[in-house]
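Engineer: Dumping the structure here so I can ask a few things about it.
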Amino acid sequence: MAKIQVKQVKSAIGRTKTQKRTLEALGLKKLHQVVEHEATPSILGMVSAISHLVVVVK
């Protein structure tokens with residue numbers, strides 16, 4: 000399976016609980032933090048749900 004790197008580029012301050020929970024589920028805790036995940040449909044769905052807060056690096 001392919002790997003993707005997800006980077007948080009915007010703050011979670013003032014966002015809904017669902018969006019904050021999704022960031023935490025991806026392992027993102029700080030701004031500009033990069034985490035690597037398998038490109039499974041569930042991970043891609045989480046990334047698309049908070050696409051305004053994160054960017055896919057690789």
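FYI, in numbering that gives the first Met the number 0 the residues of the sequence shown are 0 to 57.
Ideal Cβ positions, reconstructed from N, Cα and C, are used throughout, including at glycine.
(1) Could you tell me the distance, in whole angstroms, from the CA atom of Thr15 to the CA atom of Met0?
(2) Spell out the partners DSSP gives Lys6 in its beta bridges.
(3) Starting from Lys20, trace the alpha helix (DSSP H) both ways and give me its first and last residue.
(4) Could you pull out every residue in the same chain whose Cβ sits closer than 8 Å to the Cβ of His31, ignoring the five residues on either side in sequence?
Structural biologist: Put simply:
(1) Counting from 1 along the sequence shown, the entry for residue 15 is found at position 16. Counting from 1 along the sequence shown, the entry for residue 0 is found at position 1. If I take the Cα positions, the gap works out to 31 Å.
(2) Position 7 of the sequence shown, counted from the start, is the residue given in the question as residue 6. Answer is Val33, Val54.
(3) Position 21 of the sequence shown, counted from the start, is the residue given in the question as residue 20. Reading the sequence as shown, one finds Arg at residue 20 and not Lys. Unbroken alpha helix (DSSP H) run through Arg20: 16-24.
(4) Along the sequence shown, one-based indexing puts residue 31 at 32. So the list reads Lys6, Gln7, Val8, once near-sequence residues are dropped.
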